[in-house]
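A quick write-up on the structure given underneath.
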Amino acid sequence: MPASPASTVPADPAPTGTQAPAGRVAWAHDAPRFVGFTVLWAFPERGVRHSLFSLVLLPEAQGKGIGTAVTRFVLEHAFVHLYMHRISLAVFEGNDAALAVYRKCGFVEEGRIRKVNWFAGQWKDEINMGILVEDWTEMKKAAGI
Ligand SMILES: CC(C)(COP(=O)(O)OP(=O)(O)OC[C@H]1O[C@@H](n2cnc3c(N)ncnc32)[C@H](O)[C@@H]1OP(=O)(O)O)[C@@H](O)C(=O)NCCC(=O)NCCS
């Protein structure tokens, strides 16, 4: 039986030489059309194994499950192939579709920067979210994947 992706996650700390290069970028396609982009910005320092994630889809590509699929793909890539230990992101208060996607994919709220963004006549908080490799592994195990 082939090893599950979760079982390929290396023990902590990562062996020397497994640090991911900074600025890994992937493009999200609904072939053959370009629909948006996603970025996984990996810090190159030895022992960090932490990346920042962002995702933007064109309006016509939103609400079709692409954001969820891309987020899950990037998490799997980051944890299994890039040996990341945590992924972080920031989302503005009121971006309920983004919050729904990130929560569904296992991100949890870790903090807030209060009233940092002026939008639609109001100050909005920046919500900081993160997921650890152990959260992701546990989530996959619970889902039987
Ligand atoms: C945020 C974004 C990446 C989400 O991707 P997407 O493909 O539209 O999302 P999905 O279709 O996979 O899922 C959307 C989820 O949000 C939910 N949702 C949508 N609008 C919502 C709202 N107003 N309140 C609560 N949930 C909402 C949907 O029900 C769906 O959840 P479900 O599948 O459990 O029903 C995309 O909409 C986008 O690029 N937006 C503009 C840029 C942006 O805000 N990027 C994020 C910056 S942090």
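Note that the UniProt record's numbering gives residue 15 to position 15 of the sequence shown, counting from 1, and the numbers run on in steps of one. Glycine included, each C-beta is placed from N, C-alpha and C at the ideal position. All values derive from a computational prediction rather than experimental measurement.
Q.
Which residue marks the beginning of the beta strand (DSSP E) containing Lys115, and which one marks its end?
A. Taking the sequence shown and counting its residues from 1, the one referred to as residue 115 is at position 115. From DSSP, the beta strand (DSSP E) with Lys115 extends over Val108 to Phe119.
Q. Can Val56 be considered in contact with ligand 1, in the sense that its beta carbon sits closer than 7 Å to one or more heavy atoms?
A. For this step, residue 56 is matched to residue 56 along the sequence shown. A heavy atom of ligand 1 is found nearer than 7 Å to the CB of Val56.
(Q) ligand 1 and Val101: does any heavy atom of the ligand fall closer than 7 Å to the residue's C-beta? (A) Taking the sequence shown and counting its residues from 1, the one referred to as residue 101 is at position 101. Checking the Cβ of Val101 against ligand 1 gives yes.
Q. Going by beta carbon distance, what residues of the same chain come within less than 8 Å of Glu109, once the five residues before and after it are set aside?
A. Position 109 of the sequence shown, counting from 1, holds the residue named residue 109. Same-chain partners within the cutoff: Ile127, Asn128 and Met129.
Q) For Glu138, which beta-bridge partners are listed by DSSP? A) Translated into the one-based positions of the sequence shown, residue 138 becomes position 138. The partner list for Glu138 (beta bridge, DSSP) is empty, contrary to what the question assumes.
Q. Touching or not, the segment 115-127 and the segment 86-100, by the rule of three or more beta carbon pairs under 8 Å?
A. Enough Cβ pairs lie closer than 8 Å, so yes.
Q) Hey, is Arg112's beta-carbon within less than 8 Å of any beta-carbon in chain D? A) No chain D is part of this structure, which consists of one protein chain only.
Q. Taking the alpha-carbon positions, what's the Gly106 to Ile131 distance?
A. As a first step, residue 106 must be located in the sequence shown, where it is residue number 106. As a first step, residue 131 must be located in the sequence shown, where it is residue number 131. Approximately 6 Å, taken between the alpha carbons.
Q.
Could you check whether the Cβ of Gln62 sits closer than 7 Å to any heavy atom belonging to ligand 1?
A. Mapped onto the sequence shown, residue 62 falls at position 62. Gln62: yes, Cβ under 7 Å from ligand 1.
Q.
I believe Ala97 touches Gln62 by the beta-carbon criterion, under 8 Å. Please report the beta-carbon distance rounded to the nearest angstrom.
A. Counting from 1 along the sequence shown, the entry for residue 97 is found at position 97. Counting from 1 along the sequence shown, the entry for residue 62 is found at position 62. At roughly 7 Å, the Cβ-Cβ gap stays under 8 Å, so Ala97 and Gln62 are in contact.
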